[in-house]
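Chemist: Just dropping this structure here.
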Amino acid sequence: MSGSIVRAETSIEIGNHTTGSFLGMTVNLDTVWTTLIAGAIVVGLGFWMRA
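Residue numbers for the sequence shown follow our numbering, beginning at 4 and rising by one.
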């Protein structure tokens with residue numbers, strides 16, 4: 004098998020989140036985005052299975 008090697012990004016910082024402020028609280032926006040996407044997938048699959 005011949006192919007190109009894909010190297011991982013070396014500047015990934017563990018625990019570094021995109022943050023925002025909501026009602027005086029600091030919120031990790033990347034966590035919120037991925038949670039909403041996962042929830043939409045689960046709800047969508049639930050509706051699809053129900054049909």
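Virtual Cβ for every residue (Gly too), placed ideally from N, Cα, C.
Because the structure is a prediction, the values reported are computed rather than measured.
1. Name the two residues that bound the continuous beta strand (DSSP E) containing residue 23.
2. Whole angstroms is fine: what's the gap from residue 18's alpha carbon to residue 35's?
3. By how many angstroms is the C-alpha of residue 33 removed from the C-alpha of residue 47?
4. Am I right that residue 22 and residue 13 are in contact with their C-beta atoms under 8 Å? What's the rounded C-beta distance?
5. In the DSSP assignment, the beta strand (DSSP E) including residue 35 goes from what residue to what residue?
Modeler: By the coordinates alone:
1. In this chain, the beta strand (DSSP E) harbouring residue 23 covers 22-25.
2. Each residue's alpha carbon lies about 15 Å from the other.
3. 21 Å
4. So it is not a contact: roughly 23 Å between Cβ atoms.
5. Here residue 35 belongs to no beta strand (DSSP E); instead the alpha helix (DSSP H) covers 32-53.
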